[in-house]
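Chemist:
Residue numbers (the numbering used here): 3 to 599.
1. The beta strand (DSSP E) with residue 248 in it runs from where to where?
2. In terms of residue numbering, what span does the alpha helix (DSSP H) encompassing residue 541 cover?
3. Any idea if residue 69 is buried or exposed, counting beta-carbon neighbours within 10 angstroms, 16 or more meaning buried?
4. Could you pull the DSSP bridge partners for residue 270 from this structure?
5. Using a Cβ-Cβ cutoff of less than 8 Å, which residues in the same chain neighbour residue 310 once the five nearest sequence positions on both sides are dropped?
6. Should the segment 403 to 422 be regarded as contacting the segment 447 to 463, the criterion being three or more beta carbon pairs within less than 8 Å?
7. Would DSSP call residue 445 helix, strand or coil?
8. On the three-state DSSP scale, how would you describe residue 293?
9. Taking residue 464 and residue 350 to be in contact with their CB atoms under 8 Å, please state how far apart those CB atoms are, rounded to whole angstroms.
10. Return helix, strand or coil for residue 363, following the three-state DSSP convention.
11. Please report the Cβ distance between residue 114 and residue 141, rounded to the nearest whole angstrom; I am assuming they are in contact, meaning their Cβ atoms lie under 8 Å.
12. Looking only at its chain, what residues have a beta carbon closer than 7 Å to the beta carbon of residue 306, apart from the 5 residues adjacent to it on each side?
13. Ordered along the chain, which non-local residues of its own chain (more than five positions away) have a Cβ less than 6 Å from that of residue 527?
14. Note the first and the last residue of the continuous beta strand (DSSP E) segment covering residue 6.
15. Would you list the residues sitting across from residue 197 in a DSSP beta bridge?
16. Would you call the CB atoms of residue 387 and residue 393 closer than 8 Å?
17. Looking at residue 428 and residue 194, is the spacing between their C-beta atoms short of 8 Å?
18. In the DSSP output, which residue or residues are listed as bridge partners for residue 501?
19. Rounded to the nearest angstrom, what separates residue 127 and residue 264 at their Cα positions?
20. From the DSSP output, read off the bridge partner residues of residue 103.
21. Between 541, 520 and 356, which lies nearest to residue 367 when the distance is taken from Cα to Cα?
22. Provide the residue(s) that pair with residue 652 in DSSP beta bridges, ordered along the chain.
23. Measure the C-alpha to C-alpha separation of residue 41 and residue 594 and round it to an integer number of angstroms.
24. Between which two residues does the alpha helix (DSSP H) containing residue 391 stretch?
25. Would you tell me roughly how many angstroms separate the C-alpha atoms of residue 487 and residue 408, rounded to the nearest one?
26. Which class does residue 31 belong to by DSSP, given the choice of helix, strand or coil?
27. Can residue 602 and residue 241 be called in contact, C-beta distance under 8 Å?
28. Check each candidate in 137, 514 and 183 and name the one with the smallest Cα separation from residue 77.
29. Quick check on the DSSP output: the beta strand (DSSP E) that includes residue 485 runs from which residue to which?
30. Relative to the C-alpha of residue 208, which residue among 531, 31, 566 and 398 is closest?
31. Would you give the residue range spanned by the alpha helix (DSSP H) that residue 652 belongs to?
32. Please look up how many angstroms separate the CB atoms of residue 439 and residue 412, rounded, as I've assumed it's under 8 Å.
33. Identify the residues that DSSP records as bridge partners of residue 397: which are they?
34. So who's on the other strand from residue 450, going by DSSP bridges?
35. Mapping the DSSP letters down to three states, classify residue 188 as helix, strand or coil.
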């Protein structure tokens, strides 16, 4: 069993909570700009200082308390990333309550389950459309407010004149108290609520900040556009206050307009964003008849980045070529992200070494890391003075990582959660008596402590957008249809979810005859049949209605044969061997992401 551990650089005091840094900033650095707030979709921005933010947090927290929210109560927050999300998160904590984030794209079934399981007493939603959906659920929620319909002002008004001691509530929450319940999909069944304490979150971020001074620092600007329901964005939200790095929130669809205004010095992004920046630069070059030049520039950037890791670094010739391409190409790419961005943090899915080397060669160093919701989330990271492109870095300070005998990566540290909400059985499956958490990923650790993920022990799919998708529920819905023998959902590292469908050869002849077709028609001749595809699309639509937008199947393909045990794709217990099917039908999977097919 291979193990690598790094001692902590910070230990969280028992009396601290996620509000400690905000109160410290307001008292000792009141003029520090914590946020750039937009009131008109990113056209104009207003600075929010530490003392201004704290006072608004207190006002909203007082209103929540006046409405009846008690310390320890769960308050759900269902909105896209925006300033108000962060404001409500801190206000919920200041009232002594626990935040339960819900993706704004979640289905009614998913939302109802989370509200019920968490026992939420209140929910704050973003839009009237979400509000209408939530109002139709039998969730037991007592209070509901809508951000786009004046939730902040309405809640503040409730607190005016109320006899509520927010300071007492704030200080009543200590490091080991529950801060948030973040729901994450399992391989089967309902989403599980990960309980994260104030210590989990603070230990994670406080041990990282000293190691990344070129990323998080007072005067730096960080653009947040990932969903704050995702724990990675959430921990960076905390990091902004802890380091007094200015945070701007943005709608990801408006990034092109926002970046030149905010001029971020660092970005938090998922691999898909970097892929789009690269693809956009390449396509623009192709459109201008300079695609071949872009390819040469990209090759030089990667060569330059790789040379940085070698003794002596880049040679003179490479430096000169790199400088030329910097003027012609790289500067334009940096300008596309505001012109001042030199670093970025990538998480949620594997970035890939080629893309990592390209961006470092362009002048934007991407620090790729690894973690899970259950680990708050960061377990490992590539640091400024310790980068191995293609790896997920080394354990963060205070963290121990080991590879079990079966190859599974296990983790231990103060950021590891205490367990799942209302689910002791699930907790026991992943957390042993000594505090080691089983990640479900297969990994290797080299002699220098760098970790590389080589596979997944279970079948959770992580898209290029960082969304965790459990394929089982959708596959079961599709498998019920008579024409479908097996459905296999795919999308690991891809921009969206797709599916392969194997037809049932026993049921197919009857359907063909009813539709005036030769019942002996081979499956291979039906993969593009319009009538058949229409039927299958209807089943896919039904499955899509049960999940969030990011989990929905965007495209599917009918494979030309039926999967069988005899041909090695099906187990004796009638389960699809995913790795076999993915290898054997890789062309069909690739075709799902080929826009020309």
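Beta carbons are placed, not taken as given, at the ideal position from N, Cα and C, and that holds for glycine.
Modeler: Considering the structure as presented:
1. 248 to 251
2. 532 to 546
3. buried
4. 347
5. 316 and 362
6. yes
7. strand
8. helix
9. 7 Å
10. helix
11. 6 Å
12. 316, 320, 324 and 363
13. none
14. 4 to 7
15. 183 and 421
16. no
17. yes
18. 491 and 558
19. 26 Å
20. 79
21. 356
22. The structure shown does not extend to residue 652, since the chain is modelled only from 3 through 599, so no value can be given for it.
23. 40 Å
24. Neither: residue 391 is in no alpha helix (DSSP H) and is coded neither H nor E.
25. 32 Å
26. coil
27. Residue 602 cannot be examined here, being either before or after the span of the chain that is shown, 3 to 599.
28. 183
29. No beta strand (DSSP E) contains residue 485, which DSSP labels as neither H nor E.
30. 398
31. Nothing can be reported for residue 652, as the shown portion of the chain is limited to 3 through 599.
32. 6 Å
33. 382
34. Paired residue(s): none; residue 450 is not in a bridge.
35. Because residue 188 sits at a pLDDT of 44, beneath the cut-off of 50, its placement in the model cannot be relied upon, and the point is left open.
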